[in-house]
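One structure below.
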Amino acid sequence: MTTVAQRPTPPSVPVVTPRPRLVSKVPLRSVSTEALGSLVASATAAIALVWVLYSRILPFHGTLGFWICTYLTFLALFGAVSGLQFGRRVVVDRVMTAVATTGGVIVVVVLVDLFGYTLVEGAKALRHLNFFTHTMSLAGPLSPLTKGGALAAAVGSLEQLGIATAISVPLGLLAALYMAEIGGRLAYVVRIVVDAMTALPSVVAGLFVLSLYIVTLRFPASGFAAALAISVMMLPIVTRAAEVIIRLVPNSLREAGYAMGSSQWRVVWNVVLPTARSGLTTAVVLGMARGIGETSPVLLTAGFTQELNVNPLSGQQVSLPLYIYTYVRFPQHTEIDRAFGAGVLLMLIVLVLFVTARILGGAAPGEVTKRQRRAMARATSRARSRATESATETRLEHSQRQHAVITGEEAS
Amino acid sequence: MGIELPDATAGAVSDLPAFDVATVPTTGAVGGVLPTTEPERPLTLKVPVAPADRVFRGLLTGGGLVVLIVMLLIAVFLAIRATQAIHLAGFKFFTTQSWLPGSNHFGILAVLPDGIFIALIALFTAVPIAMSTALFISEYAPAALKRPLITVVDLMAAVPSIIYGIWGAYFLQARIIHPIRFLALHFGWIPFLKVRTGDFPSSYTSSTAIAGFVVGIMIVPITTALSREVFSQAPVGEREGAYALGSTRWGMIRSVVLPYARGGAIGATMLGFGRAMGETIVVALIVSPKFVFNFHVLEGSGISISSLIALRYGDSDQISLSALMAAGLVLFVITLIINSLASVVINRSRSSAQTS
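First to last, the protein sequences are chains V and H. Residue numbering for the first sequence follows numbering that gives the first Met the number 0, beginning at 0 and increasing consecutively. Residue numbering for the second sequence follows numbering that gives the first Met the number 0, beginning at 0 and increasing consecutively.
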């Protein structure tokens, strides 16, 4: 608590005082003009000073170095300017505010740069429409960008992602439901193992499939092998995320279901899963976004081909990450441009998946959209009309049935 | 997402009892069927598990078992496959630097330390950026900026590693060699910053440091997301207490938020380290592989276990593959240990903070 000021104890106040009017004189969380002024002034001064010294007087060059020097100078100037008016505490506070803000700025800059650079470099290849409709089978290393494209890679990526999703999502959901709804000692073991597997490096997953499926079982390298490797990577992600979300479903909802006499699978099917739906979809979609970008498992298991191979079960198959990894290491500029073009495609797919997950994940557990609410209203009215039809039952039959439900002789 | 979803199991609901035993108090019993002699004692009813439920529970258990078996199979298979190479090489596996499985001269003494160096450099890059970002999001950012920034961090986590790889190899590498040259020329007297290959542009590229830097950028999101989570959990009462004592915002952070979040932040850093150890493609794209341990991090050579596997998987003979498996096993065990330690640290810190 070194930074907390030690204030002198206030003089004792008389017991009876007229209540002072509560006028807030303390500006909370607002930026004063003075602070803003010092900030802008220090930043300008830092840029100017470093420009003169760095690029005019001293023998330095390079943009990155310029900004590093500017940043350090700015921090020093900002501290000094603040030190002219305030004590050490305020100076430290201001400098730390600037430092913390830097983190946010860096993250945004890196992301923009990542997208921007890939887009600019990739645009050279994407400008030619044949990039979307051709494969590399007729394009050699020296072909211009008007020949060849990433069609085979895009098809392969989507197929492999589809197969991996079809394998890992049902399995992951079942395992998550098992851990959350049934539990027990075995479920504890499953959870520990799944947790451990989130630590599995992706290249080791690829090595496993390579060694088991390709070397031991003697299947050739194929899109399916790659999909297996991807699903090994996706399985722990989906399982863990789904379990967390299923556990967020309030227990009172389950108890209400049981109190109505539902069996467990009815409760899970009609209460737990619909309540957790948006969260589960988000978990699945984010798992897919992760799966499609996996490079090293695919590298080890899919083989490589320049042809379009739509059958993942036989023959080697190329995918977007593999395409990028292969062509970016060519010395020719056109091949590197193609790799960046494929990088843009890959990022586009990831972005679409990410935005989908964001939109779907906006709803909290139990929140319903308008469409869902209408569907629920329709279901309720159907149920009501059924109920009025069956109201002709005699009172005796009714009570008998109630009794049967409670004692469990009639299981729904 | 959370890239990694936060551990919500901590406050998890207790498992529902199986629906075979239900207790119904006799008061208010339905239809007067139940005995009314002793109103205090609850009556136990046996409800048999319906056949549909039995099938359902079997299905779920089956799903859980399949996942368990697949995961165990990976570990067991990896271990079995690796034993061949380890038997052949013996203890030399841990003391040999080169990687020549054909002539039975291979070991991880070069790849493992080099990989650890890359991961450490990644941490030196990632931790300052991640911590300041997490602090900014949880403490400084205005409310309107918080959600977009969280989205930015999540999106950064979703960007595939190959994109980081080509960005690092083509965009960053060309720009970072100037600061690296500066470091090498003026701080070369520090042993590990020395570059012995002469003052050429190509001496400064493809180095452990550049690979570590890009991997560091990659692990920023996971470290940020977890740290932010812990920072924002710091108790409001203590924050207000610090402000009431006249603290500035940084004073409050130093005396309340950081001590509270220390364990969680350390755990997040360790998880980032585990991630960095396993990162493959970025390292394989940037470094020029050389099987000699080289602690001069700015020099243009380096290797890590994962990039070794990515570069050498094509050696399809039994021994080469087994040797790669052994290296993969070592990597897996290391990441497993790091992750387990991290979760222990996180769990312990959070619970201790909540009880105090």
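All C-beta atoms, glycine included, are put in the ideal place defined by N, C-alpha and C.
1. Using a Cβ-Cβ cut-off of 8 Å, state whether W98/H counts as contacting chain V.
2. Let me confirm a value: S287/H is counted as buried when at least 16 other C-beta atoms fall within 10 Å, else exposed. Which label applies?
3. Residues of the region 94-116 of chain V with a CB closer than 8 Å to any CB of chain H: list them in chain order, please.
4. Considering Cα atoms alone, identify which of F105/H, M251/H, L182/H and I308/H is closest to H295/H.
5. For H185/H, does the three-state DSSP call read helix, strand or coil?
6. Taking the continuous beta strand (DSSP E) assigned at T43/H, which residues delimit it?
7. Just mark W166/H as buried or exposed, buried being the case when its beta carbon has 16 or more other beta carbons within 10 Å.
8. Keeping to the same chain, check which residues put their C-beta closer than 8 Å to that of L345/V; ignore five residues upstream and five downstream.
9. Can you give, in chain order, each stretch of the beta strand (DSSP E) that sits fully within the region 129-186 of chain H and has at least 3 residues?
10. Spatial neighbours of V111/V within its chain, please: CB distance less than 7 Å, with the 5 preceding and 5 following residues excluded, ordered by chain position.
11. Buried or exposed for S13/H, please, with buried defined as at least 16 other CB atoms from any protein chain shown within 10 angstroms of its CB.
12. Quick check on F339/V - is its C-beta less than 8 Å from some C-beta in chain H?
13. Along the region 256-288 of chain V, where does the CB come closer than 7 Å to a CB of chain H? Name the residues.
14. Residues of chain H with CB closer than 7 Å to the CB of Y412/V, please, in chain order.
15. Could you tell me the distance, in whole angstroms, from the CA atom of A267/H to the CA atom of A133/H?
16. Kindly list, in the order they appear in chain V, the residues whose Cβ is closer than 7 Å to that of I308/H.
17. By alpha-carbon positions, which one of P169/V, L52/V and T379/V ends up nearest to W66/V?
18. Report yes if the CB atom of Q305/V is closer than 8 Å to the CB atom of S136/V, and no otherwise.
19. Any residues in the region 122-136 of chain H with a beta carbon nearer than 9 Å to a beta carbon of chain V? Which ones, in chain order?
20. What is the rounded straight-line gap between the Cα of G358/H and the Cα of I162/V?
21. With respect to the alpha helix (DSSP H) encompassing D112/V, which residues constitute its N-terminal and C-terminal limits?
22. Quick check on DSSP: helix, strand or coil for F130/V?
23. What are the boundary residues of the alpha helix (DSSP H) that includes N414/H?
24. For R88/V, go through chain H and note every residue whose CB falls closer than 7 Å to its CB, in chain order.
25. Quick one: which residues of the region 40-73 of chain V get their C-beta closer than 8 Å to a C-beta of chain H? List them in chain order.
26. Taking 8 Å as the CB-CB limit, is R174/H close to chain V?
27. Please report how far the alpha carbon of I345/H lies from the alpha carbon of G263/H, in whole angstroms.
28. Drop a sphere of 10 angstroms on the beta-carbon of S205/H, count the other beta-carbons inside from all chains shown, and report buried for 16 or more, exposed for fewer.
29. Assuming L227/V and F76/H are in contact, meaning their beta carbons sit under 8 Å apart, how far apart are those beta carbons, in whole angstroms?
30. Kindly say whether A198/V, judged by its beta-carbon, lies nearer than 8 Å to any beta-carbon of chain H.
31. Considering only residues of the region 141-177 of chain V, which uninterrupted alpha helix (DSSP H) runs meet the minimum length of 4 residues and lie entirely inside it, listed in chain order?
32. How many Å lie between R57/H and G260/V at the Cα?
33. Does the beta-carbon of A75/V have 16 or more other beta-carbons within 10 angstroms, so that it is buried, or is it exposed?
34. State buried or exposed for V189/V, treating a residue as buried only when at least 16 other CB atoms are found within 10 Å of its CB.
35. If we ignore side chains and look at the alpha-carbon of each, how far apart do A11/H and L252/V end up?
36. Helix, strand or coil, according to DSSP, for L77/H in the structure here?
Based on what the coordinates show:
1. Closer than 8 Å: no.
2. Exposed, by the Cβ-count rule.
3. Interface annotation for the region 94-116 of chain V against chain H: M95, T96, V98, A99, T100, T101, G102, G103, I105, V106, V107, V109, L110, D112, L113 and Y116, criterion Cβ-Cβ distance under 8 Å.
4. Relative to H295/H, the option among F105/H, M251/H, L182/H and I308/H whose CA is nearest is L182/H.
5. Looking at H185/H - three-state DSSP - the assignment turns out to be helix.
6. Unbroken beta strand (DSSP E) run through T43/H: L42 to K45.
7. So W166/H ends up on the buried side.
8. Hits under 8 Å: S156, I291, G292, L319, P320 and I323.
9. Within the region 129-186 of chain H, no complete beta strand (DSSP E) run reaches 3 residues.
10. So the list is empty, once near-sequence residues are dropped.
11. Low per-residue confidence applies at S13/H: pLDDT is 43, beneath 50, and the placement is therefore not dependable enough to give any value.
12. Yes, because at least one Cβ of chain H sits closer than 8 Å to the Cβ of F339/V.
13. Listed by position, the residues of the region 256-288 of chain V near chain H (Cβ gap below 7 Å) are Y257, S262, Q263, W264, T281, L285 and A288.
14. Nothing about residue 412/V can be read from this structure; chain V reaches only from 0 to 411.
15. If you take the alpha carbons of A267/H and A133/H, they lie about 11 Å apart.
16. Correct list: V202 and L206.
17. From the listed residues P169/V, L52/V and T379/V, the smallest Cα separation to W66/V is found for L52/V.
18. Yes, the pair counts as a contact, with Cβ atoms nearer than the cut-off.
19. Residues P127, I128, A129, M130, S131, T132, A133, L134, F135 and I136.
20. Coverage of chain H is limited to positions 0 through 355, which leaves residue 358/H absent and any answer about it impossible.
21. Start and end: R87 to L125.
22. Note: F130/V maps to helix in three-state DSSP.
23. The structure shown does not extend to residue 414/H, since chain H is modelled only from 0 to 355, so the question has no answer here.
24. Per Cβ cutoff of 7 Å: T247 and G250.
25. The region 40-73 of chain V vs chain H, Cβ under 8 Å: F59, H60, G61, T62, L63, G64 and I67.
26. Yes, because at least one Cβ of chain V sits closer than 8 Å to the Cβ of R174/H.
27. Those two C-alpha atoms are separated by around 5 Å.
28. Flag for S205/H reads buried.
29. About 13 Å separates the two Cβ atoms, so there is no contact after all.
30. A198/V counts as touching chain H.
31. DSSP runs (the alpha helix (DSSP H)) wholly in the region 141-177 of chain V: 150-176.
32. It is worth fixing the name first, because residue 57/H is Gly in this sequence and not Arg. Going by the C-alpha atoms only, they are around 21 Å apart.
33. Looking at its Cβ environment, which holds fewer than 16 other Cβ atoms inside 10 Å, A75/V is exposed.
34. Under the 10 Å beta carbon count, V189/V is surrounded by 16 or more other beta carbons and is classified as buried.
35. For A11/H, the predicted model reports a pLDDT of 41, less than 50, meaning its position is unreliable; a value from the coordinates is still stated below. When rounded, the separation of the alpha-carbon atoms in A11/H and L252/V is 15 Å.
36. Correct three-state label for L77/H: helix.
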